[in-house]
Amino acid sequence: MEKVYDSADFGARDALDAWAAITADAVMPTGFELVGTDTFDGCLKVASLGAVQISAMSYHSFRCLRTPKLIRKADPECFQVAFMRSGRHVLEQDRNRTALRSGEIAIFDSSRPFETWADGESLLIQFPHAVLPLPASRVRWMLARPFPGAKGIGGLLADFLTRMEEDGADYTPQDSIRLATVSLDLVTTVIAHYLERDSDVPVDSRQRALYLRVTSYILRHLGDPALTVDAIAAAHHISVRSLHRLFQQHGTSVRAWIRAQRMEHCCRDLADPMRRHQPIAAIAARWGFPRPPDFTRAFRARYDITPSEYRDRACGHGTDSGPQHERPVPEASASRAPDRRG
3 MEKVYDSADF
13 GARDALDAWA
23 AITADAVMPT
33 GFELVGTDTF
43 DGCLKVASLG
53 AVQISAMSYH
63 SFRCLRTPKL
73 IRKADPECFQ
83 VAFMRSGRHV
93 LEQDRNRTAL
103 RSGEIAIFDS
113 SRPFETWADG
123 ESLLIQFPHA
133 VLPLPASRVR
143 WMLARPFPGA
153 KGIGGLLADF
163 LTRMEEDGAD
173 YTPQDSIRLA
183 TVSLDLVTTV
193 IAHYLERDSD
203 VPVDSRQRAL
213 YLRVTSYILR
223 HLGDPALTVD
233 AIAAAHHISV
243 RSLHRLFQQH
253 GTSVRAWIRA
263 QRMEHCCRDL
273 ADPMRRHQPI
283 AAIAARWGFP
293 RPPDFTRAFR
303 ARYDITPSEY
313 RDRACGHGTD
323 SGPQHERPVP
333 EASASRAPDR
343 RG
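Residues 3 to 344, numbered by the working numbering, are exactly what the sequence shown covers, in order.
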């Protein structure tokens, strides 16, 4: 993500005006006024994914107003979905007014007047009305109505946005194309879920969103040695056959994906100097390998090196820095947004 605004770069008198000018270009034109303070502190980072844009914002005590006049002046004709990471937020649009708590998500529309009072941090995903495969009239029913971002399908969207902010610098232009599709699939699935209109979501979008839900579930339970194909399928109310077919569409199998993620997490911990005191068996058990001999055999078969040799080399006690055949390093896919490959 590219930082496009930092209030530290401006004088106290110019910071809010600069924020208004930059957000008008990066997001949409809105009016601002400070509330209970004479100075403005804020930061804005933006990632462009084609028609989709993701923004990370932090701000201090202001009122934001989008009027009919501003809409006539410039309207990107977009929906915005905001995840409130911290602070206090009040949003009013289409006669709906809600006080948003940290961890909640809300939708608003650039083509309709709105007013917000904000102090804190948020992540925003913005996309044109036309790219959302749901009736706009239905979506507008949800404007300024909060839904949870700490659990369920909303939590998956919040996690995706958070990972985009944390890891966005590591993505390539090719990744951005895939991530735009992923983000729209997630937003579509979330909105359809709360509208109880799941049947309106295109089949391809449902499949991609399901893959994200499944891989996220696996990563949360990666350390459980009882994590099985049957258990994963049951948790998502699908057949084992459907689960296998889902992963085959991404060029892998369920068991192979789980094994790769467990190995990458083990390698990350083995290479961490702060975990140097932890026994290799404890690290292996943490990520789903309860039997040390099984882990050592699997590690050697995959990387042609033992776990202890890898740890020595990764921590600077050997002549090499990692496995000879593969290099599982911290930037492995498990540490990023699920399915960065599309």
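Even for Gly, the Cβ is constructed at its ideal location relative to N, Cα and C. Keep in mind it's a predicted model, so treat the numbers as computed, not measured.
Closest by C-alpha distance to residue i, when choosing among the options
i, options, result
"Ile73", "Gly33, Cys45, Leu51 and Ala138", "Gly33"
"Thr41", "Met59, Phe64, Ile24 and Ser57", "Phe64"
"Asp77", "Glu35, Met86, Phe129 and Gly44", "Phe129"
"Gln95", "Thr25, Arg142, Met276 and Ala284", "Arg142"
"Phe297", "His279, Pro275, Ala262 and Val6", "Ala262"
"Phe110", "Arg210, Ile307, Met59 and Met144", "Met144"
"Ser139", "Ser178, Ala194 and Pro148", "Ala194"
"Ser113", "Val133, Met30, Gly225 and Arg180", "Met30"
"Glu266", "Ile285, Pro275 and Met276", "Ile285"
"Ser244", "Ile24, Ala258 and Leu212", "Leu212"
"Ala120", "Phe81, Met59, His131 and Lys5", "Met59"
"Asp226", "Val203, Trp21 and Ile260", "Ile260"
"Asp11", "Asp43, Ala22 and Ala233", "Asp43"
"Glu168", "Glu79, Gln82 and Leu125", "Leu125"
"Arg99", "Asp19, Ala146, His131 and Met86", "Ala146"
"Met86", "Glu79, Thr164 and Cys80", "Thr164"
Proximity of residue i and residue j at Cβ, strictly below 8 Å
i, j, result
"Tyr312", "Cys269", "yes"
"Ala303", "Ala273", "no"
"Leu248", "Val216", "yes"
"Ala84", "Ala49", "no"
"Ala28", "Leu51", "no"
"Val192", "Ile240", "no"
"Ser201", "Thr190", "no"
"Val1", "Leu214", "A question about residue 1 goes unanswered here, because the residues of the chain that appear run from 3 up to 344."
"Leu136", "Arg210", "no"
"Ala160", "Val54", "no"
Beta-carbon contacts of residue i that lie in its chain and below 6 Å, excluding the five residues immediately before and after
i, result
"Ala101", "Val92"
"Gly105", "Gly151 and Ala152"
"Thr118", "Cys66 and Leu93"
"Ile56", "Ala49, Ile127 and Met166"
"Lys5", "Lys47"
"Thr174", "none"
"Asp322", "The pLDDT assigned to Asp322 is 46, lower than 50, so where the model puts this residue is not dependable, and the model offers no usable value."
"Gln251", "none"
"Ala22", "Phe34"
"Ala283", "Pro294"
"Leu197", "Arg140"
"Phe301", "Pro309"
"Ala20", "Phe12"
"Pro292", "Pro227"
Assigned exposure category for residue i - 16 Cβ within 10 Å defines buried
i, result
"Val37", "exposed"
"Gln326", "Annotation note: pLDDT 45 at Gln326 (below 50); position unreliable, no value reported."
"Ile179", "exposed"
"His62", "buried"
"His279", "exposed"
"Met2", "For the chain, the structure presents residues 3 to 344; residue 2 sits outside this window and is missing."
"Gly13", "exposed"
"Gly318", "exposed"
"Ala236", "exposed"
"Gly253", "exposed"
"Pro148", "buried"
"Thr39", "exposed"
"Pro295", "exposed"
"Ala228", "exposed"
"Arg68", "buried"
"Ala17", "buried"
Cβ shell of residue i (< 8 Å), same chain only, five flanking positions each side left out
i, result
"Ser255", "His246 and Phe249"
"Arg97", "none"
"Pro70", "Pro115"
"Ala26", "Thr32 and Ala76"
"Ser310", "Ile282"
"Glu79", "Ser112, Ser113, Pro130, His131 and Ala132"
"Ile234", "Val216, Tyr219, Ile220, Leu245 and Val256"
"Ile24", "Val6, Tyr7 and Leu46"
"Pro238", "Position check: residue 238 holds His in this sequence, whereas Pro was assumed. These residues qualify, in order along the chain: Leu212, Arg215, Val216, Tyr219 and Leu245."
"Asp271", "Arg277, Gln280, Ile285, Arg288 and Trp289"
"Val231", "Val242, Leu245, His246, Val256 and Arg257"
"Val203", "Pro135, Leu136, Thr190, Thr191, Ala194 and Ala211"
Beta-carbon contacts of residue i that lie in its chain and below 7 Å, excluding the five residues immediately before and after
i, result
"Ser88", "Ser104, Gly122 and Glu123"
"Leu224", "Gln263, Arg264, His267, Trp289 and Gly290"
"Leu158", "Leu188, Leu214, Arg215 and Ser218"
"Val133", "Ala53 and Leu186"
CB contact check: residue i to chain B, cutoff 8 Å
i, result
"Asp19", "Looking at the structure shown, chain B is missing, and only one protein chain is on hand."
Note down, one range per segment and in chain order, each beta strand (DSSP E) of at least 3 residues found wholly within the stretch 4–53. As far as the stretch 4–53 is concerned, its whole beta strand (DSSP E) runs of at least 3 residues are 4–8, 33–36 and 44–51.
Note to self: Threshold first: 4 residues or longer. Then list the alpha helix (DSSP H) segments lying entirely within the stretch 217–241, N to C.
What the structure shows: Counting whole runs of 4 or more residues, the stretch 217–241 contains the alpha helix (DSSP H) stretches 231–237.
Worksheet entry | Whole beta strand (DSSP E) elements within the stretch 89–134, 3-residue minimum | The beta strand (DSSP E) runs of length 3 or more contained entirely in the stretch 89–134 are, from start to end of the chain, 98–102, 106–111 and 116–130.
Original post:
Considering only residues of the stretch 242–293, which uninterrupted alpha helix (DSSP H) runs meet the minimum length of 4 residues and lie entirely inside it, listed in chain order?
Top reply: Given a length threshold of 4 residues, each whole run of the alpha helix (DSSP H) inside the stretch 242–293 is given here in chain order: 242–250, 256–272 and 282–288.
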